[in-house]
Structure formats: structure tokens, C-alpha cells
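Using the numbering used here, you'd call the opening residue of the sequence shown number 886 and step up by one each time.
Written out below as C-alpha cells is the structure these notes cover.
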Amino acid sequence: MDVTEIRKDFPILKREVNGKPLVYLDNAATSQTPQQVIDVIVDYYQNYNANIHRGVHALSQEATDKYEVARQKIQKHFNAKNSYEIIFTSGTTHSINIVANGFTTLLEKGDEILVSAMEHHSNIVPWQMLAERTGAVLKVIPMNLAGELLMDVYDELLSNKTKLVFCNHISNALGTINPIKEIIDKAHAVGAAVLIDGAQAAPHIKADVQKLDVDFYTVSAHKMCGPTGEGMLYGKEEWLNKLPPYQGGGEMIAEVTFEKTTYADLPHKFEAGTPNICGGIAFGAALDYMNAIGFEAIAAYEHELLEYATQELLKIEGLKIYGTAKNKTSVISFNIEGLHPYDIGSILDKLGVAVRTGHHCAQPIMDFYKIPGTVRASFSFYNTMDEVDVLVKAVLRAKGMLE
Ligand code: PMP
886 MDVTEIRKDF
896 PILKREVNGK
906 PLVYLDNAAT
916 SQTPQQVIDV
926 IVDYYQNYNA
936 NIHRGVHALS
946 QEATDKYEVA
956 RQKIQKHFNA
966 KNSYEIIFTS
976 GTTHSINIVA
986 NGFTTLLEKG
996 DEILVSAMEH
1006 HSNIVPWQML
1016 AERTGAVLKV
1026 IPMNLAGELL
1036 MDVYDELLSN
1046 KTKLVFCNHI
1056 SNALGTINPI
1066 KEIIDKAHAV
1076 GAAVLIDGAQ
1086 AAPHIKADVQ
1096 KLDVDFYTVS
1106 AHKMCGPTGE
1116 GMLYGKEEWL
1126 NKLPPYQGGG
1136 EMIAEVTFEK
1146 TTYADLPHKF
1156 EAGTPNICGG
1166 IAFGAALDYM
1176 NAIGFEAIAA
1186 YEHELLEYAT
1196 QELLKIEGLK
1206 IYGTAKNKTS
1216 VISFNIEGLH
1226 PYDIGSILDK
1236 LGVAVRTGHH
1246 CAQPIMDFYK
1256 IPGTVRASFS
1266 FYNTMDEVDV
1276 LVKAVLRAKG
1286 MLE
């Protein structure tokens, strides 16, 4: 993998911030966009911007074809059996809400929902709302200090009352790669459905939804070189057929009268209204871009970045890393004894280094460690070892200024 060449694809990486070269280490929040994807976005608005599925004119048909080709690219990438099992959404949050809403009619009082202790708020709140609507009980699969799920407790929590299990593939706050195949198989053994939040995994790992036998898998395009406001929900055909639509409107109907409406077939049943057409097409282009580099090469290189950054950061006195799971991706959450993460992040910004500070939309994890938040540096395949050195120097500088 030629990182120097790859970096040339990302115009934003050439810019300066506060008079310093940008070192972008907030990839877990959103990734940067290569020129190849930007070109696809510009091409759409310059040449064939039109509403899809309904038009007989050439532009509408061109846009429809490209949108449906993008759906097929996503299907192929995640190895879904059918393209209609791929629902275009505005992102992971939207995808999860479709499923949580759909289960309202399928759960009864006293049914149990299991959720991991290391979830993003978007994989907690919709289930809490579902539990409130249905009288189902939300139970938490705990984790240890390294940020690994306690699988023996998971075994104990599973029962014939368990109807749903929700877990992220990779934790955004800790980087832990969860044993999702085991989680899925064990849930299926008691007849529960499983939703895996793949928002953080999709930029690093090519998930095979058929091999995983997962019921639902969710992704946000903006974390994998695509645009914001775009993502997908994969659902097994039988589940998507069972769930009622999330929103009513145009595109999702078969027939409408004032007495009764019948719904369109999959995937349109879940795609009410004009979608983010350009976003869907650009999502397909982002997958093309990443696949051309290759996910194995990406994972191997990011692992080197993780190892080097971990080793160098740990040389700093008083620095503690949260999330030390054996199986983790290129996310480092840390604090320095006596210093507030926000203050460190603000100084890093002045030095051109973009990191995230705070609770990372995962407050229960921060409560678990009894901290207000962390500084999170998250690395992508276009980051370099030199940038790790800049980060470490910047953290040392911040430490010197704040102590
Ligand atoms: N789940 C995880 C693990 C995430 O990291 C994020 C984004 N930070 C989300 C869900 C929500 O994604 P989005 O805001 O794109 O809907």
C-alpha cells in the first residue's frame, strides 16, 4: 500500500489548520473523501440530477440506473443474498431506528432485549424507547476494564425470553472488535434476532452478512470515504418482510386510496420520500475506492499505525489508554492524569492535530471508567507514521503547557 500516493487522492489532507499542516485523526467520527468520490458527486449535480424511479425521461432513468447499481455494489460488498435486502438510509442512526420501530408490534411485555455495555447512544436510545413502548426489559452485557464483553455473563443473560440482541461490531470509543459471530450464533440458539451496528467496522473490515448469519447490519457511508447523510440497513428478507414500514410517504406504496394503502415490495417499503440519490451513488463509489486499495491491506497497515501509536503514546508519563482489548482497531482513547481531555484537544487543534474529545456518544462507557471523557485519536489508511510522531509531540507539548 503506497500511502504517499493514496494521500494525493484526498485534497483536504493538503490544507493547513491554524498555520500547521493538518493531521487528521478524527476518522472514527467521519472519514475524509477522496477526489474519486468528490468527482462522482459533482458529476451527478452537473450531468444527471433528477428524481428517481418515477420518471420516464432520460435523466431520471440515468439517475435510477446509477442508484440501483450502487445498491448492487453495496450488496456485493457485504455479500447480501439479494439487492432488495439493502435499504438505503441516512446512516446508522436511521437504520437502527427502522428496526427498533419495526419491533414495536413484535415484542410483548416481559420480553428481553440485550445490549452491550459499549454501545454508541444511537444503539441504546432507540431500544430504550422500544422497551418503553412495549414493556420489554433492556439488559446489559457487561465488559471488563480492557473493554471486552464478558461472554460468560452473556451466556447467563440469554434465555427463551431474549428476543433481540444489539451490539456494535467495533466500539467507536474503545476500538474493541467484538466477537460478533459468537454473539449471533448464541442469540440464534435461543431464537433471538441480532442487529450488529457496523458503523465503525465497515471502514476497516469487510463484513460478510451471510457468513455471519446476522439478521440486521448497519453502516454509515461517511465513515468509509463516502458522503454524510447516507448509509444502509441490511436486513434478512424474512425479517424485512415481517417489520412494518418506518415512515409513510411516496415511493413506499403499492396503491393508495383514502380507505387503505398497500406497501411496496422491498426495498422500497422502507424508502419513503426522495432519497439522497447522489449520496447513494457516491456511497457505491466510496466502496469502489476502498476495494481498489483492498481491505486486507487497509487492516494490516492500520494495525501497524495502532501498534506504533500505542507504543509511543504510552511513553508519556501519566498517559492512560482506555480500551486495551486484544482484538482492537486503530482507535486510541486516552487521558493524562490531572488534565481535562477538552484542554488537551484544544491545544492539539492549535497545533494542527484533529482529535475528538468528550464522551464520544458513549456515556455509559465513561461512567464505567468514572471519567468525564477521553481524547480519541482514530487512524485511517491515509494516516502516516510521521503523523503519529506529530501527535505524540503535540500531546507532550499540551502536557507541558497544562501542567
Ligand atoms: N454507532 C457507532 C458505533 C458509531 O460510531 C456511530 C457514529 N459515531 C453511530 C452509530 C452513528 O452513526 P451516524 O451518526 O452516522 O448515524
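Glycine included, every Cβ here is placed at the ideal spot set by N, Cα and C.
All values derive from a computational prediction rather than experimental measurement.
Residue range of the alpha helix (DSSP H) that includes residue i
i     : result
F1101 : Careful: F1101 lies outside any alpha helix (DSSP H), inside the beta strand (DSSP E) at F1101 to S1105.
K1024 : It is not in any alpha helix (DSSP H) - K1024 instead sits in the beta strand (DSSP E) that spans V1022 to I1026.
K1127 : E1122 to K1127
S1218 : Unbroken run through S1218 is the beta strand (DSSP E), V1216 to I1221; no alpha helix (DSSP H).
Y1186 : F1180 to L1198
E1017 : V1010 to T1019
I926  : Q920 to D928
V1094 : V1094 to L1097
E1140 : Where E1140 is concerned, there is no enclosing alpha helix (DSSP H), although the beta strand (DSSP E) it sits in stretches over I1138 to V1141.
L1042 : M1036 to L1042
I1250 : Q1248 to Y1254
The ligand MG heavy atom lying under 6 Å from the CB of residue i
i    : result
A948 : The ligand MG is not part of the structure shown, which contains the ligand PMP as its ligands.
Beta-carbon proximity of residue i to residue j, cut-off 7 Å
i     : j     : result
V1075 : L1043 : yes
L1049 : I998  : yes
T1147 : E1140 : yes
A1078 : V1104 : no
S1212 : I1062 : According to the sequence as given, residue 1212 is Asn; it is not Ser. The answer is yes: Cβ separation under 7 Å.
I1138 : Y952  : no
G1285 : V1260 : no
E970  : G1120 : yes
S1265 : N912  : yes
I972  : P1152 : yes
F1101 : V984  : yes
A955  : A935  : no
T978  : S945  : no
V1238 : A1194 : no
F1051 : L1080 : yes
L992  : T974  : no
I1055 : T1269 : no
Q921  : Y1174 : yes
A1210 : E1033 : yes
G1243 : A1171 : no
V1277 : E1197 : yes
Q931  : F895  : no
D1082 : N1053 : yes
A1058 : I1256 : no
K1154 : P1130 : yes
Y1227 : R892  : no
G1135 : G1158 : yes
CB contact below 7 Å: residue i versus chain C
i    : result
T974 : Among the protein chains of the structure shown there is no chain C, as only one such chain exists.
Coil, strand or helix - residue i by DSSP
i     : result
T1061 : strand
N1053 : strand
V1280 : helix
Y969  : helix
T978  : helix
N986  : helix
A1002 : coil
L1233 : helix
I1068 : helix
P906  : strand
V1079 : strand
D911  : strand
Y1174 : helix
E901  : strand
G1243 : strand
Y933  : helix
K1300 : There is simply no residue 1300 to check, as the chain begins at 886 and stops at 1288 in what is shown.
T1047 : strand
Y1148 : strand
Y1267 : coil
M1286 : helix
G1116 : strand
K1213 : strand
Residue span of the beta strand (DSSP E) that contains residue i, given as start and end
i     : result
D863  : Since the first residue shown for the chain is 886 and the last is 1288, residue 863 is missing from the structure and cannot be characterised.
K1205 : L1204 to Y1207
V1260 : T1259 to S1263
V941  : Run containing V941: none; DSSP gives neither H nor E here.
| Residues passing the C-beta test against the ligand PMP heavy atoms, cut-off 5 Å | Selection around the ligand PMP by beta-carbon proximity, strictly under 5 Å to any non-hydrogen atom, yields G976, T977, T978, H1005, S1007, N1053, N1057, D1082, A1084, Q1085 and S1105 in chain order.
At least three beta-carbon pairs within less than 8 Å, the stretch 1188-1205 to the stretch 1168-1180
With a cut-off of 8 Å, the stretch 1168-1180 and the stretch 1188-1205 do not count as touching, because too few Cβ pairs lie within range.
### Message
Three or more C-beta pairs under 8 Å: does that hold for the stretch 1087-1099 against the stretch 1054-1072?
### Response
The stretch 1087-1099 is in contact with the stretch 1054-1072.
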